[in-house]
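Peer 1:
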Amino acid sequence: MWKSYTFTCLKLKQHILLVYPPVGHHLVDSNNGTMITSPLITNFGMHSDLGKVVQSLLDEFWKSPPALMSSGPTGFPYMYKPSGMAPYPTQAFHYGPRHVGPSQTPPPIAAPMPHPGVDSSHGPPRAPAPYGLISDLPLPVPTGDSQAGLNGHMYKMPEIPESFPELCNMNLTRLSDMSENEDVLLEFFVSLPQLKQITNDKEELVTSIVDMAKKNLQMEPQLEGKRQEMLYKYEQLTQMKSAFETKMQRQHELSESCSLSTLQARLKVAAHQAEEESEETAENFLEGRTDIDEFLTSFMEKRTLCHSRRAKEEKLQQSINTHGQFPTSH
C-alpha cells in the first residue's frame, strides 16, 4: 500500500525534483522512476513557494498512490542507513507527509512491516522509532515561571525540587507505609514547605480579597450619591439640549426671514403692488372719478414708492451676487 512507502530523498536542483526510492506514477518519469514531471516543477520560478509545491505533490500521491518499482541492491543509492541499525526490507517504508524546505532534506522514518504469514510478536527485534505516537511525546513539565491568574494578576509558583531530602532520613517501614497508605502519603505531602507556601499565599489572597470587598462596601453610599448626581446632571443636560435645539430652530427661521434673497423677493412683490396701485389711480383719473390735484398727489407718491422699491431690489441683487446670501460684517 502507499502508506507503507517513504520518500527517503526530495531534492530540487535546476528545476528538477527527485524522489527515492523509484516509484511508478503519472507524475514521475517512467524511465527511471525518480524524476517528477509536474507542471508545478517545470513552471517553478523565483516567486514560487517550494513548500506549497511539494505539499501539492504529496497530496496528489495520497489521492493516487504510486507503486514501488523493483530494483537491485544498488537501486537506492540515497537510502538513509544510520550506523547500528539493521537494514529494513524494501517493502517496509512508512510514508509520513512532511514540510520540505529549499535547503534541507528530511531524514526517513522507516520501520519494518510484518510479512504475510509471519507473527510480528516472534519477529526479530527492531529499534523503536522516536516519538512514533502522540502519547510517546515528552509532556511539558511546569517550572517555576510566573503563571497568569484571574484579571491578569501573576502568581509565581514555588520552586519544585527534583528530589526531597526528607525521604532520605526515613526508614524502610515509613517509606513502605507511605507507598501503601494514601493517608500517610497525603500527610507527608501536606507537610512540604512548597505546599505550605501555596496555602499561605492562598490565605493571604483570600484576606486581601475580603479587605477589598469591605472597602467596596464602605464606598457604596458614596458611589450611590455620585450615581444620583450623575443622573440629575444628565437630566439637566437633556433639558438644556432640548431648549437649545428649539432656539436653534427659531434662530434658523429668523435667519431665513432676514436673508437677502427673502428681502429681495418681498421688495419685488411690494414694488409690483405699488406699480399696480399707481396704474389704478391713473385709470380712475382718466375715467373722471378723481380730480387732478388728488390724482397728482396719489400717483406721484405711489410711483415714487414703486421706483424706490425697484432700486432697493436691484441693490440687493448686486449684494447677493457679490457677498452671497448671508454677508458677514467686518
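Just so you know, we're using the UniProt record's numbering here: the sequence shown kicks off at 1 and counts up by one. Don't be surprised by glycine CBs; every beta carbon is placed ideally from N, CA and C.
Assign residue 331 to one of two classes, buried (16 or more other C-beta atoms within 10 Å of its C-beta) or exposed (fewer than that).
Peer 2: Nothing can be reported for residue 331, as the shown portion of the chain is limited to 1 through 330.
Peer 1: With a threshold of 16 other CB atoms inside 10 Å of the CB of S278, please say whether the residue is buried or exposed.
Peer 2: buried
Peer 1: Would you check if the distance between the CB atom of A282 and the CB atom of L305 is smaller than 7 Å?
Peer 2: Not in contact: A282 and L305 (Cβ atoms no closer than 7 Å).
Peer 1: Using CA coordinates, which residue listed in H26, L17, L68, Q228 is at the minimum distance from Q55?
Peer 2: The residue among H26, L17, L68, Q228 with its C-alpha nearest the C-alpha of Q55 is L17.
Peer 1: Under a three-way DSSP split, which group does A69 fall into?
Peer 2: Here residue 69 is Met; the residue named in the question, Ala, does not match the sequence. DSSP places M69 in coil when its eight states are reduced to three.
Peer 1: At 4 residues or longer, what runs of the alpha helix (DSSP H) sit wholly inside the segment 168 to 229?
Peer 2: 172 to 180, 182 to 190, 193 to 218, all fully within the segment 168 to 229.
Peer 1: Using beta-carbon positions only, say whether L267 and E313 come within less than 7 Å of one another.
Peer 2: yes
Peer 1: Could you tell me the distance, in whole angstroms, from the CA atom of L40 to the CA atom of E60?
Peer 2: 12 Å
Peer 1: Please tell me whether, using a cut-off of 6 Å, the distance from the CB of L192 to the nearest non-hydrogen atom of the ligand MN is below it.
Peer 2: Annotation note on the ligand MN: not contained in the displayed structure, which lists no ligands.
Peer 1: List the endpoints of the continuous alpha helix (DSSP H) containing M300.
Peer 2: 292 to 323
Peer 1: Would the beta-carbon of V158 fall within 7 Å of that of Q197?
Peer 2: Checking the sequence shown, residue 158 turns out to be Pro, not Val. Result yes, Cβ atoms of P158 and Q197 sit closer than 7 Å.
Peer 1: Between the C-alpha atoms of S257 and T238, what's the straight-line distance to the nearest angstrom?
Peer 2: 29 Å
Peer 1: So, residue 343 versus A271, is the Cβ gap smaller than 7 Å?
Peer 2: This structure leaves residue 343 out entirely; the chain is present only between 1 and 330.
Peer 1: With 16 as the cutoff for other CB atoms within 10 Å, does V19 come out buried or exposed?
Peer 2: Buried, because 16 or more other Cβ atoms sit within 10 Å of the Cβ of V19.
Peer 1: Identify which residue in Q317, S48, P21 has its Cα closest to the Cα of M35.
Peer 2: P21
Peer 1: Does DSSP classify L237 as helix, strand or coil?
Peer 2: DSSP places L237 in helix when its eight states are reduced to three.
Peer 1: Out of A311, D291, L260, which one is the CA nearest neighbour of T322?
Peer 2: L260
Peer 1: Note down, in chain order, each residue of its chain lying with its Cβ closer than 8 Å to the Cβ of L195, except the 5 sequence neighbours on either side.
Peer 2: F189
Peer 1: Apart from the five residues on each side of it in sequence, which residues of its chain come closer than 8 Å, Cβ to Cβ, to H26?
Peer 2: S64
Peer 1: Does the distance from the C-beta atom of L172 to that of M178 stay below 7 Å?
Peer 2: no
Peer 1: Could you give the DSSP three-state label for M248: helix, strand or coil?
Peer 2: The answer is helix: DSSP assigns M248 an H, G or I state.
Peer 1: Assuming T37 and V28 are in contact, meaning their beta carbons sit under 8 Å apart, how far apart are those beta carbons, in whole angstroms?
Peer 2: 7 Å
Peer 1: Tell me whether L316 is buried or exposed, calling it buried when 16 or more other Cβ atoms sit within 10 Å of its Cβ.
Peer 2: The residue in question, L316, is buried, as its Cβ has 16 or more Cβ neighbours within 10 Å.
Peer 1: Using the Cα positions of residue 381 and Q228, report the straight-line distance between them to the nearest angstrom.
Peer 2: Any question about residue 381 goes unanswered here, given that the chain covers just 1 to 330.
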